[in-house]
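In terms of this note's numbering, the sequence shown is residues 7 to 567. Cβ atoms here follow ideal geometry from the backbone N, Cα and C, with glycine treated the same way. No experiment lies behind these values; they were computed from the predicted model shown.
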Amino acid sequence: MPSLAPSFSVSGRNSFFRCSTSDQRGGQWRSDVNYLIQCTFYHVGPGSDREPWQNPGHTPTPRKCCHAAKYAREPKGWEAQFPLVLALLDPQLVNQSSLVSLVVDPEPSSAQTLAEMLGQIGCQVLRTATGAEALERFHSALPSLILLDLDIADIPGRHLLRHFRSYAEQTPIIALARRVDVRIAVEVVRAGATEVVEKGISRDNLRLVLKKVLPAAIATGRREAPDRARVLFFSRYEGLFRRSERMKAVETLVVRVADTDGPVLIQGEPGTGKELVAQAIHHLSSRSGKAWQRVNCASLPGDLLESEIFGYEGEAPANMPVRQPGKLDLADGGTLLLDEIGDLPPVLQARIVHLLQDGQFFRARGRELISTGVRLLATTVKDLKAMAMAHAFSEDLSRLLGVVNIVVPPLRERREEIPLLADHFRVRFAGEFNRPQPKLSSEILELLSAYDWPGNVRELESLVKRWIVLGDDSHVKEDLQSRLRARGANGKPRPPSADDVGLREVGRRAARAAEQAALHEALARVGGNRAAAARLLKISYKTLLQKLNAGKRAKRLGGHG
Numbered sequence: 007m008p009s010l011a012p013s014f015s016v017s018g019r020n021s022f023f024r025c026s027t028s029d030q031r032g033g034q035w036r037s038d039v040n041y042l043i044q045c046t047f048y049h050v051g052p053g054s055d056r057e058p059w060q061n062p063g064h065t066p067t068p069r070k071c072c073h074a075a076k077y078a079r080e081p082k083g084w085e086a087q088f089p090l091v092l093a094l095l096d097p098q099l100v101n102q103s104s105l106v107s108l109v110v111d112p113e114p115s116s117a118q119t120l121a122e123m124l125g126q127i128g129c130q131v132l133r134t135a136t137g138a139e140a141l142e143r144f145h146s147a148l149p150s151l152i153l154l155d156l157d158i159a160d161i162p163g164r165h166l167l168r169h170f171r172s173y174a175e176q177t178p179i180i181a182l183a184r185r186v187d188v189r190i191a192v193e194v195v196r197a198g199a200t201e202v203v204e205k206g207i208s209r210d211n212l213r214l215v216l217k218k219v220l221p222a223a224i225a226t227g228r229r230e231a232p233d234r235a236r237v238l239f240f241s242r243y244e245g246l247f248r249r250s251e252r253m254k255a256v257e258t259l260v261v262r263v264a265d266t267d268g269p270v271l272i273q274g275e276p277g278t279g280k281e282l283v284a285q286a287i288h289h290l291s292s293r294s295g296k297a298w299q300r301v302n303c304a305s306l307p308g309d310l311l312e313s314e315i316f317g318y319e320g321e322a323p324a325n326m327p328v329r330q331p332g333k334l335d336l337a338d339g340g341t342l343l344l345d346e347i348g349d350l351p352p353v354l355q356a357r358i359v360h361l362l363q364d365g366q367f368f369r370a371r372g373r374e375l376i377s378t379g380v381r382l383l384a385t386t387v388k389d390l391k392a393m394a395m396a397h398a399f400s401e402d403l404s405r406l407l408g409v410v411n412i413v414v415p416p417l418r419e420r421r422e423e424i425p426l427l428a429d430h431f432r433v434r435f436a437g438e439f440n441r442p443q444p445k446l447s448s449e450i451l452e453l454l455s456a457y458d459w460p461g462n463v464r465e466l467e468s469l470v471k472r473w474i475v476l477g478d479d480s481h482v483k484e485d486l487q488s489r490l491r492a493r494g495a496n497g498k499p500r501p502p503s504a505d506d507v508g509l510r511e512v513g514r515r516a517a518r519a520a521e522q523a524a525l526h527e528a529l530a531r532v533g534g535n536r537a538a539a540a541r542l543l544k545i546s547y548k549t550l551l552q553k554l555n556a557g558k559r560a561k562r563l564g565g566h567g
């Protein structure tokens, strides 16, 4: 065994322990486990000319030296004195420099102690004293081990615990509590903790707990890339996912279809987050490193839209061939999103059917059949099945896209998300615009929750952004109150009451309003095609026009109907 140099070094960031040697290896760093343990246990300090193990028959005794030996104060056997060093005997636990731990503790002395112990076993330690900062650090770093004090001032510790567990199902979480009994331990473990320990626990006992959870932490740190990508994606888009049971169901579907290659149709009202769902499918798939392209089918006329999707072939004035790649060329091997596919012209619908069936296409004015490995995703606010029944959309394309259908629910059907989304946007925009974060008072929360948000998440985002820019609580309150007055307390247009007009007139107006609602719903289902809407309602085209015009006249005259 080589002799030791006068120094023994412990690095908290780059390895568990590192010994400096002056043997034949030219003073290079070593991390041999057996040598490490002998150094830790039996090093007698600088100036020694012989090491204890060099004496035949010598029974070494741990001495007070270096970092590890300071814990060997009582002769209880080295197994009991060095539980953490025992973990080093497992080669899988050596050199875990990529192991990131998060310490959430408002007490500086306690946090420092925890950070030192984690540093001694090679962890990169992130420290925070507040819940808000803990959330930011968690979502940016995705730690493999978390130590969480349950007594956090700004956010309840158990809320943080549930939040961490919802995003990181396998990550070990050690909860630190002021007092621990059976009832508290059971509650905290049910909330998501792996271990529950009392604040002020001795170093030796805490090391035993760390040794217990360390293998799971390392396994979490070595999680396969696609799985970590999934966690990272959903954590970054927490404004959309995991806020309600409805959106958790959407996330489940996204995860299931991500690694398939078939088309997916995403339906929902404007502003619900359909494009984010499509991005999630792409980023969680095996195509995440490949191209992502998007085309808005409602923003271009038919001939330009064809060139945009399929590309273009033609001749320049000097009879030189011209080729312009389309989105299908650019997205080859990746994902192409056809946004608002319900507005796709019939000719292009037939071409998309051919693409989905054969994986091939022609460029506009082209003669060469081109193969592609693109995956197709589509979004729409329209009911494609109803449009197909009314002959306003290709039945073949509706059938091909309808194999996997994800419906993003409107915000009014997931009201429990409104306060959380408002807070998410409040923090985000305050940071973006370098403005102070206004308080989300109970009065503002009540107004936000009472409104029906016809523009969904996009409308809420816009309102909070304006609030942050103006920095005036009274403005946002007046804005919400005027919206509620205009649409009624439940967010819908306020119907006339018997106090305003007679009971018979109330009935007439209600009937006209119901009829107009049915007309507009039919138009929405068939993409605004009046002839198709008339067939769907089983009335003549002339009758449809008359009723629509009557509704417009009534609205101009009295604001009703």
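- Message: Based on DSSP bridge pairs, tell me the residues matched to Trp473.
- Response: Bridge partners of Trp473: none, in fact.
- Where Gly348 falls: helix, strand or coil (DSSP): helix
- Message: Counting C-beta neighbours from all protein chains within 10 Å, is the total for Ala392 16 or more, i.e. buried, or is it exposed?
- Response: buried
- Task: Mark Asp478 as exposed unless 16 or more other C-beta atoms lie within 10 angstroms of its C-beta, in which case mark it buried.
- Result: exposed
- Hey, would you say the C-beta of Gly125 is under 7 Å away from at least one heavy atom of the ligand HEM? Annotation note on the ligand HEM: not contained in the displayed structure, which lists no ligands.
- Item | Glu204: first and last residue of the uninterrupted alpha helix (DSSP H) it sits in | Segment Glu201 to Glu204 is the beta strand (DSSP E) holding Glu204; no alpha helix (DSSP H) there.
- Task: Have a look at Asp174 and Pro149 and give me their C-alpha separation to the nearest angstrom.
- Result: A small fix is needed here, since residue 174 is Ala in this sequence, not Asp. The alpha-carbon atoms of Ala174 and Pro149 are separated by roughly 9 Å.
- Task: Give me the Cα-Cα distance between Leu554 and Ala519, rounded to the nearest whole angstrom.
- Result: 11 Å
- Would Leu551 be called buried (16 or more neighbouring beta carbons within 10 Å of its own) or exposed? exposed
- Item | DSSP state of Gln176 mapped onto helix, strand, coil | coil
- Should Tyr457 be labelled buried (16 or more other beta-carbon atoms within 10 Å of its own) or exposed? buried
- With distances taken from CA atoms, which of Glu438, Leu454, Phe431 and Asp402 is nearest Arg421? Leu454
- So His398 and Asn302 are in contact, right, with Cβ under 8 Å, and what is the actual spacing, rounded? A small fix is needed here, since residue 398 is Ala in this sequence, not His. The pair is not a contact, with the Cβ atoms about 19 Å apart (cut-off 8 Å).
- Enclosing alpha helix (DSSP H) for Leu259 [first to last residue]: Glu251 to Ala264
- Item | Identity of the residue in Val387, Glu122, Ile450 and Arg514 nearest Asn462 by Cα | Val387
- Which residues bound the beta strand (DSSP E) around Ala384? Arg381 to Thr386
- Query: For Ser150, which beta-bridge partners are listed by DSSP?
  - Reply: BP columns for Ser150 are empty, so no partner.
- Query: For Ser250, which residues of its own chain have a beta-carbon under 6 Å away from its beta-carbon, when the five flanking residues on both sides are left out?
  - Reply: Arg420, Glu422 and Glu423
- Message: Within 8 Å, do at least three Cβ pairs link the segment 249-265 to the segment 307-314?
- Response: no
- Beta-carbon separation (whole angstroms), Gly279 vs Val110, contact threshold 8 Å: Contact doesn't hold; Cβ gap of about 30 Å is too wide.
- Query: Beta-carbon separation of Ile179 and Arg168 under 8 Å?
  - Reply: no
- Do the segment 185-198 and the segment 141-148 make contact, defined as three or more Cβ pairs closer than 8 Å? no
- Message: Checking 8 Å against the spacing of the C-beta atoms, do Gly379 and Asp335 come in under that value?
- Response: no
- For Gly437, count neighbouring C-beta atoms within 10 Å of its own C-beta (all shown protein chains included) and say buried if the count is 16 or more, exposed if not. exposed
- Message: Once DSSP output is grouped into helix, strand and coil, what is the label at Glu319?
- Response: strand
- Task: Just the C-alpha distance for Gly125 and Val195, rounded to the nearest angstrom, thanks.
- Result: 26 Å
- Mind reading off the beta-carbon distance from Ala297 to Glu346? Whole number of angstroms is fine, and I expect it under 8 Å. At roughly 21 Å, the Cβ-Cβ gap does not stay under 8 Å, so Ala297 and Glu346 are not in contact.
- Quick one: what's got a C-beta closer than 8 Å to Pro269's C-beta in the same chain, skipping five residues either side? Leu362, Arg381, Leu382, Leu383, Ala384, Leu406, Leu407, Val409 and Val410
- Query: Which parts of the segment 427-491 are runs of the alpha helix (DSSP H), unbroken and 4 residues or longer, counting only runs that do not cross its ends?
  - Reply: 448-456 and 462-476
- Query: Taking just the CA atoms, how far does Val482 sit from Glu142?
  - Reply: 27 Å
- Taking Thr119 as part of the alpha helix (DSSP H), name the residues at either end of that continuous run. Pro114 to Gln126
- Terminal residues of the continuous alpha helix (DSSP H) containing Ser208? Taken as a continuous stretch (DSSP letters only), Ser208 belongs to no alpha helix (DSSP H), as it is neither H nor E.
- Task: State the DSSP-derived secondary structure class of Ile545, mapped to helix, strand or coil.
- Result: coil
- Message: Between Leu105 and Cys129, how many whole angstroms is the CB-CB distance? I'm expecting something under 8 Å.
- Response: 5 Å
- Item | Enclosing beta strand (DSSP E) for Val532 [first to last residue] | Careful: Val532 lies outside any beta strand (DSSP E) and carries neither H nor E.
- Query: In three-state terms, what does DSSP make of Asp309?
  - Reply: helix
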